[in-house]
Structure formats: structure tokens, C-alpha cells
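>
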Amino acid sequence: MDVLGWRGTLVRGFRVLGVQVDAVVEIDEQAHARRGEPMLDHDTLAMWEWPGSAAPSVTKLVGVLSREPDWRKGLRAVGRMRGFCAGAIVGRDDEACRLECAYFGVSILDADGELIQAGSAERAPRARRRTLDRWVEELAYGRLIDDGVLA
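Just so we're aligned: 61 in this note's numbering is position 47 of the sequence shown, and the numbers increase by one with no gaps anywhere.
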């Protein structure tokens with residue numbers, strides 16, 4: 015995802031919150047060495063999100079990409095994740111697609127991976143970090159372990 019400026023590890027076909035996207039995550043190797051497995055208990059995750067908590071995230075969402083053939087469906091999927099990170103779709107270069115994606119801050123790539131239109135490089139501007147962020151990151155962490163990316 016160099017064209018978008020996203021650095022990290024790709025998690026293909028990441029299913030979360032009712033959508034399937036390709037996610038790019040940063041990995042904290044030291045946190046992984048201390049933990050070794052994901053935590054999905056809500057109360058524990060809530061405590062980890064308290065200010066001053068000593069429990070760093072193993073993964074951090076950088077961006078999500080939808081490869082949905084219908085750009086509108088792709089935009090809906092990425093839109094659901096905009097509260098967590100940057101988003102992009104594989105779309106087409108037409109006015110409706112560009113306008114809708116610009117409104118939501120979503121980047122557009124063509125089928126060859128070339129940038130058609132840049133969107134926001136961050137999560138939605140009014141979104142704030144919460145326990146749900148940590149839960150999604152822990153799901154991505156579990157996928158990286160299941161896929162053999164992290165041992």
C-alpha cells in the first residue's frame with residue numbers, strides 16, 4: 015500500500031463489524047513477545063484503554079481497503095471502518111465515485127493499484143479512541159497469529 019503511504023503488514027480478507035476488507039496494521043514486536051496471544055475480554059480491554067495503562071497494543075490499524083467490484087458497496091464497507099483508520103476503495107474514475115469518496119475522506123485506487131484520488135490519511139476527524147478500537151486490533155492480532163505471520 016505504498017501508493018497510500020500505509021506502512022505495515024497486510025491482513026487480507028479481514029472480516030470485522032459485518033464487513034470484509036484488506037487491513038494494513040503496524041505490529042509492535044516487543045508487545046507481541048510479552049503477550050503472545052490476543053485478548054478479547056471487554057473488561058480487560060477497557061482497563062487497557064485507561065490513561066496510564068501499561069498494556070500496549072500489539073497491532074494498530076493503519077488503513078483498510080475494499081476490493082468490492084461495486085464501488086458503492088466498497089465505500090459502505092470502508093465507511094464502517096473510518097472511525098478506526100484511513101480507508102480506500104478500488105473504484106473507478108467517474109464523478110459520482112470521486113465526489114462520494116471525497117465527502118467521506120476515502121482514497122480511490124484503480125484496478126492496477128494506481129491512485130485516482132487521495133483521501134484522508136487518518137481516521138475520521140471526530141472519531142476518538144475507545145475500547146472497540148482495542149477489540150478490533152486484537153481481532154487483527156489473532157488473524158496474524160492464525161495466518162502464521164506472527165509465531
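Using N, Cα and C, we set each Cβ at its ideal position, and we do this for glycine too.
Quick caveat: nothing in here was measured; it's all calculated off a predicted structure.
Can you tell me whether A102 is buried or exposed, with buried defined as 16 or more other CB within 10 angstroms of its CB?
Buried, because 16 or more other Cβ atoms sit within 10 Å of the Cβ of A102.
> Quick check on DSSP: helix, strand or coil for L48?
Correcting the residue identity first, residue 48 is Arg in this sequence and not Leu. In the structure shown, R48 sits in a helix (DSSP, three-state: H, G or I).
> Using the three-state DSSP reduction, which class does A102 fall into: helix, strand or coil?
A102 falls in the strand class under three-state DSSP.
> Can you check which of these residues, D161, G162, E151, D160, is closest to L31 by C-alpha distance?
Ranking D161, G162, E151, D160 by Cα distance to L31 puts E151 first.
> Pull up the CB-CB distance for V25 and A154, whole angstroms please, since I reckon it's below 8 Å.
Rounded, the Cβ-Cβ distance is 6 Å, consistent with contact.
> Are A100 and S71 touching if we call contact CB-CB under 8 Å?
No, the pair does not count as a contact, with Cβ atoms beyond the cut-off.
> Report the residue from S67, R106, I130, G93 whose alpha carbon sits nearest the alpha carbon of G119.
The option with the nearest alpha carbon to G119 is G93.
> Does the beta-carbon of D147 have 16 or more other beta-carbons within 10 angstroms, so that it is buried, or is it exposed?
Buried: at least 16 other Cβ atoms inside 10 Å.
> Quick check on the DSSP output: the alpha helix (DSSP H) that includes G12 runs from which residue to which?
Residue 12 cannot be examined here, being either before or after the span of the chain that is shown, 15 to 165.
> I believe R106 touches W85 by the beta-carbon criterion, under 8 Å. Please report the beta-carbon distance rounded to the nearest angstrom.
That belief holds up - the Cβ atoms of R106 and W85 are roughly 6 Å apart, short of 8 Å.
> What does the Cβ neighbour count give for W20, buried or exposed, with the cut at 16 atoms within 10 Å?
So W20 ends up on the buried side.
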